[in-house]
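Quick note, the sequences are listed as chains P and B, same order.
Start counting the first sequence at 4; every next residue gets the next number (the numbering used here).
Start counting the second sequence at 4; every next residue gets the next number (the numbering used here).
Just so you know, even glycine gets a beta-carbon here, dropped at the ideal spot from N, CA and C.
Reviewing the structure listed below.
There are 2 protein chains.
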Amino acid sequence: MSTAFAEIVVPSVVEDSPETRMRAAKEASRETARLTSDGKVRALHAIADALTAGSADIIAANARDLARGAAEGIGDALLDRLRLDEKRIAALADAVREVAALPDPVGRVVGGHRMPNGVALEQVRVPFGVVGAIYEARPNVTVDIAALALRSGNAVVLRGGSAARESNTVLVRVMRDALASAGVSSEAIQTVDDFGRAGATAMMHGRGLIDVLVPRGSASLIETVVTESTVPVIETGAGVVHIVLDESAPLDWSRDIVVNAKVQRPSVCNAVETVLVLRAAAQRVVPEVAAALLAQGVTIHGDEEIRRLVPAAVATTDEDWATEHMSLDLSMRVVGDLDEALAHIRRYSTGHTESIISTDALAIDRFLAEVDSAVVMANASTRFTDGGEFGFGAEVGISTQKLHARGPMGLAELTSTKWLARGAGQTRA
Amino acid sequence: MSTAFAEIVVPSVVEDSPETRMRAAKEASRETARLTSDGKVRALHAIADALTAGSADIIAANARDLARGAAEGIGDALLDRLRLDEKRIAALADAVREVAALPDPVGRVVGGHRMPNGVALEQVRVPFGVVGAIYEARPNVTVDIAALALRSGNAVVLRGGSAARESNTVLVRVMRDALASAGVSSEAIQTVDDFGRAGATAMMHGRGLIDVLVPRGSASLIETVVTESTVPVIETGAGVVHIVLDESAPLDWSRDIVVNAKVQRPSVCNAVETVLVLRAAAQRVVPEVAAALLAQGVTIHGDEEIRRLVPAAVATTDEDWATEHMSLDLSMRVVGDLDEALAHIRRYSTGHTESIISTDALAIDRFLAEVDSAVVMANASTRFTDGGEFGFGAEVGISTQKLHARGPMGLAELTSTKWLARGAGQTRA
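The structure is reproduced here in structure tokens:
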């Protein structure tokens, strides 16, 4: 508030903190919520262009992260996930343009009717407001999440992993400058990386400032966010995924689907971790499925019955059943019947994806009805649980909770709804 | 697992605890999830009949609660909310029959398509599993929530207020016996009332056992549950509700709607708490609106400008703006323009319902677009924010959060979805 004495009053300095940044995002979210779809597309194209134009800066910052990572002895696989080069930055910019091309979920009328007294009710999609993301390692998540949040009319507060902190700092600066150049408040993209642990803590307790928090990363990161947050969280990702080979399982489907689900990309959440084989099918299918897996370099962790059929298998431990290996390791177990398979899944599944290979209609129906997971399949690879494969065009993550969103999340899952009621003086009788 | 020696092994005694009850509910939820709609209707009718048949027991238990409440000096209003008599029990049984008559949300196909490779995708409504409810005072919530949870295929774990503990104990016993008589596991309805505070704590931390937790009661109860829970919560109810009288506000609509919104039922969350009047309308509308309110026994808390127009008004305090009075108290304030009204609402609204009285299309559009609440109205009483009024047939509560459900919640909001994928050997390329 300005007064006549404004110039001679020492202005109160607001200290920069996670809270002031979240507050700035909240304030900016009023603007992003009202952007037209065209306005959002322009902002995203500005970001995509700025990423390409800023490649040199981004790569220089990334090189510092890589050097620090190498000095700290993080593994080659992690270093590779951390690395940004011209080609990856171009792919990142293209991904932003793809998000810009998606239909805008905001403003869609999803329901409504006229009340008996004439009041017109309408339920419309609106942005959440401020989306928070806490994530690890890969710096491209910084850009992905910001683009998805903006496309759906939200402001975003980011907290990336410390391994990528120099890269993330530059990526955020480039995106903020691009927003400003497109006439949108740069405050719509915030990072709290520079506050370390305190930044994440402030987000998890940012009631009224963060409308929804999406953790992306390891099971322990997700567990921490879910347990500690007082703001609503969408739990994503952890996948201890099962395939059941039923008595009637065709051998070729069993082999092709298990190999595809394990080998095609072992480091992702929809890769299979455990194969349960009905005893009546074990002798018929296990040797050939195992041979195909071993030929692809898979280490099979088998129970005693599996090891009798597959001499190359190593012994399973109790821990194996609950482990998301993210590697070419696969647990296999023989079960007496479908009941035992379902009980195993109830105990160890993270509720992500399970698939049965079977030609028995009753077994398939029972499996689809009784397995309590986000995606339940028959005769298809678990690798299909994916926003792109489901036709959403982009993926915010895969929700393993039941509230709000379940399974692959698209742009609509980054929105809420509100009810509009238009009357002409109506009162309640 | 039974063995040949089962009979001579001393069975391990599982100690009764909140956890064992939640676990029993989880187990029973597999059965309730698979009940046909007809099966659920039969179970609910059995409950309704049992409530009527058990009236004498229920009233006797309730009398003990009332006597204890009176001895502890709880107020007449609370005692009245606690009271159950033949008529109220009959109304409760009727409410259960009404819930039974609602369409079953479970099994509804809400989306789906065929993937390019032929895999058939289908998104279907499924029960959450176990719904938890933590609530206060009125024992009828015990029956309402149990009926709504069961109708949507869920098991339920209840934690009622200590003031109603004897009534709740009998109500739960009657409902559990009725379930058993209808051939449904009585474990589908659980209470943890007898564990006191530990029961509520166990529910709030019941990850994997409670799928969603619904708090109903005071703002402080809701705040505790939201802050402490590690399971997903749907935040309901608290309503600091605003009405804005625009410059163009018709006098009769202003008077009728404000009086209706405050007086018709002051103790509920959709009753108005604050009226903001644009300065340009104040002299024209405030005296008559205030006179109508005063005639109904309302105490007006006014700022200085209101008090100049309404000598009978008492002075507002800063606290008033943030208070849900639940009584015939109303705060009134004069604001310079719509911006100032919107800023006031941003600061003090709980995101429940706000309404503008106006004939100015631009002002109405701006209000509907910019107010970030579950229900935003023009020219209608805020009392319409109600599951019954919205045509849902029953109301689980009114969500003031943005995740999963926003505004009045019906049966569908007690369900989640899952994806079913049916293939013929497809693998991912």
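- Looking from the CA of B:D321, the closest CA among B:I192, B:R350, B:A31 and B:V146 belongs to B:R350.
- Close to P:F393, with beta-carbon spacing below 7 angstroms, are these residues of chain B in chain order: L124.
- Taking a C-beta distance under 8 angstroms as the contact criterion, B:A397 and B:E101 qualify as a contact pair.
- For the 8 angstroms CB-CB criterion, P:G242 and P:E327 form a contact.
- Taking a 10 Å sphere around the C-beta of B:K405, we find 16 or more other C-beta atoms and assign the residue as buried.
- At a cut-off of 8 angstroms between C-beta atoms, P:A203 does not count as an interface residue with respect to chain B.
- Taking a cut-off of 8 angstroms on C-beta distances, the segment 329-336 of chain P touches the segment 301-309 of chain P, as three or more cross pairs fall below it.
- Given a length threshold of 4 residues, each whole run of the alpha helix (DSSP H) inside the segment 335-361 of chain P is given here in chain order: 341-351.
- Taking the beta carbon of B:Q404 as reference, the chain P residues within 8 angstroms of it are P235, listed in sequence order.
- Listed along chain B, the residues sitting closer than 7 angstroms to P:L423 by beta-carbon distance are L371 and V379.
- A distance below 7 angstroms between beta-carbons, with the five flanking residues on each side excluded, links P:G354 to the following residues of its chain, in chain order: D375, S376, A377 and T403.
- Here the C-alpha atom of P:L224 lies approximately 28 angstroms from the C-alpha atom of B:A201.
- The beta-carbon of B:G186 is placed no less than 8 angstroms from the nearest beta-carbon of chain P.
- For the pair B:N157 and B:S40, the Cα-to-Cα distance works out to about 12 angstroms.
- Across the set P:L297, P:A285, P:L296 and P:A325, the C-alpha of P:A285 shows the shortest separation from the C-alpha of P:R311.
- From the beta-carbon of P:V215, the residues of chain B found nearer than 8 angstroms are K405 and L406.
- Taken atom to atom, the span from the alpha-carbon of P:L345 to that of P:F370 is near 8 angstroms.
- With fewer than 16 other Cβ atoms from the protein chains shown falling within 10 Å of its own Cβ, P:E231 counts as exposed.
- Note that the C-beta distance between P:V195 and P:V160 is below 8 angstroms.
- Residues of chain B whose Cβ lies closer than 8 angstroms to the Cβ of P:H116 are, in chain order, G394.
- Contact annotation: in the segment 266-277 of chain P, residues whose CB is within less than 8 angstroms of a CB in chain B are Q267.
- Boundaries of the beta strand (DSSP E) around P:K421: T418 to Q429.
- Around the Cβ of P:V17, a 10 Å sphere holds fewer than 16 other Cβ atoms; the residue is exposed.
- Between the C-alpha atoms of P:G220 and B:S251 there is a straight-line separation of about 53 angstroms.
- Leaving aside the five residues that flank B:I367 on each side, the residues in its chain whose CB is nearer than 7 angstroms to its CB run, in chain order, I359, S361 and A381.
- With the criterion set as a beta carbon lying under 8 angstroms from some beta carbon of chain P, the segment 314-326 of chain B has no members that meet it.
- P:D255 is a Cβ neighbour of B:G428, given a cutoff of 8 angstroms.
- Rounded to the nearest angstrom, the gap between the Cα atoms of P:L54 and P:M178 is 7 angstroms.
- Taking a contact to require three or more Cβ pairs closer than 8 angstroms, the segment 77-90 of chain B and the segment 50-68 of chain B qualify as touching.
- In the DSSP secondary-structure assignment, B:L279 is bridged to B:V247 and B:R336.
- Partner residues in the beta bridge of B:I303, as assigned by DSSP, are B:L333.
- Counting along the chain, B:V112 sits inside the beta strand (DSSP E) bounded by residues V112 to R117.
- Between B:T418 and B:V129, the C-beta gap is smaller than 8 angstroms, which places the two residues in contact.
- Within chain P, G426, G428, Q429 and T430 have C-beta atoms less than 9 angstroms from the C-beta of B:I260, given in sequence order.
- Closer than 8 angstroms to the CB of P:A366 there is not a single CB belonging to chain B.
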